[in-house]
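Worksheet for the structure shown next.
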Amino acid sequence: MSDQLYHECHEVIAQGKAILEDLQEWGFETVQPLPIESASPVVAEEIALYPAEDDETPAAPMVETPETLDALQKSLDGCSRCSLCQQRNHLVFGAGNPQARVVLVGEAPGREEDLQGYPFVGEAGQLLEKILQAMNLSRQTVYICNVIKCRPPGNRDPKPDEIAACEPFLKQQLAIIKPEIIITLGRFAAQTLLKTTAPIGRLRGQWREYEGIALMPTFHPAYLLRNPSGKRPVWEDMKLVMQRLNNQAK
Ligand code: URA
């Protein structure tokens, strides 16, 4: 494949991916694919060259839950359970109050998070901080972590085997903190904890439950940076969270 064709394909795939993500955020569950024979002969030939990836997901390993977040974090030192370890600068475990009433769960570290070792310290993180401030919360009062602890190259979506490798540690973080409320940011966190493939546009805005803990799915702040019209529904979701926190005030 020529360099030019390669770059054109890359561009088309990136645009297609962005369109699909937007559709999914807005609640579309399926897109009817054209049969391969109806693609242009060149594209059909290209597709045929690449067999579908084997998406068999390995079963999540059973791990005993350490008693503290520090012990859990130590158990992840030098983790090589998936290939994301090869390019990471830092494993981004999570940060905040170990006794938080609210835990926010994102998708995976981006470039800044990988460089600094802390979750949501990039542009999306700045917006998240503003949302927290508006709720009378802060990074210090809540706990913030991600489904995936190492950065997927180029910020691509996490793969099923990477989620399966990392998910037990998210579950253990939640088991140790025992928050009153979990806020999931974006589709990966909601779908992982709720064990559903429903789109985030349909999941958000209603109370769900994870292991007896109230869970509110909402849009990811990175999505809001691309689609500011999503800020209003997120604020509606966060008002429900504030109501619940106030009703259960300690
Ligand atoms: N996006 C995420 O989902 N998590 C981060 O930590 C940063 C950006």
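For our numbering, count along the sequence shown from 1 and bump the result up by 830. Glycine residues also receive a C-beta, built at the ideal position from the N, C-alpha and C atoms. Since this is a predicted model, take the numbers as computed values, not measurements.
CB of residue i within 7 Å of CB of residue j, strictly
| i | j | result |
| --- | --- | --- |
| L921 | K979 | yes |
| P1051 | R1034 | no |
| L899 | P928 | yes |
| A938 | P990 | no |
| L914 | E997 | no |
Cα-Cα separation between residue i and residue j, rounded to whole angstroms
| i | j | result |
| --- | --- | --- |
| E1066 | E1010 | 19 Å |
| V951 | E943 | 6 Å |
| Q975 | P949 | Checking the displayed sequence, the identity of residue 975 turns out to be Cys instead of Gln. Their Cα atoms are separated by approximately 6 Å. |
| G926 | L1055 | 24 Å |
| Y1053 | T1026 | 20 Å |
| Q1073 | A1079 | 10 Å |
| F1049 | R969 | 18 Å |
| A930 | L1000 | 15 Å |
heavy atom of ligand 1 below 6 Å from residue i C-beta
| i | result |
| --- | --- |
| P988 | no |
| G947 | no |
| N976 | yes |
| P939 | yes |
| G936 | yes |
| A1020 | no |
| F950 | yes |
| A954 | yes |
| E943 | yes |
Beta-carbon contacts of residue i that lie in its chain and below 7 Å, excluding the five residues immediately before and after
| i | result |
| --- | --- |
| A1020 | T1014, I1030, L1033 and P1047 |
| L957 | P1051, L1054 and L1055 |
| G924 | P949, Y973, I974, C975 and Q1003 |
Nonlocal neighbours in the same chain, by C-beta distance under 6 Å from residue i, ignoring five residues either side
| i | result |
| --- | --- |
| N919 | D944 and L945 |
| R1038 | L1024 and L1045 |
Heavy atom of ligand 2 within 6 Å of residue i beta-carbon
| i | result |
| --- | --- |
| E959 | Looking for ligand 2 in the displayed structure turns up nothing; the ligands present are ligand 1. |
Sufficient close CB pairs (3 or more, under 8 Å) joining the segment 957–971 to the segment 991–1008: no
Touch test, the segment 1010–1018 against the segment 933–952, Cβ-Cβ under 8 Å, three pairs minimum: yes
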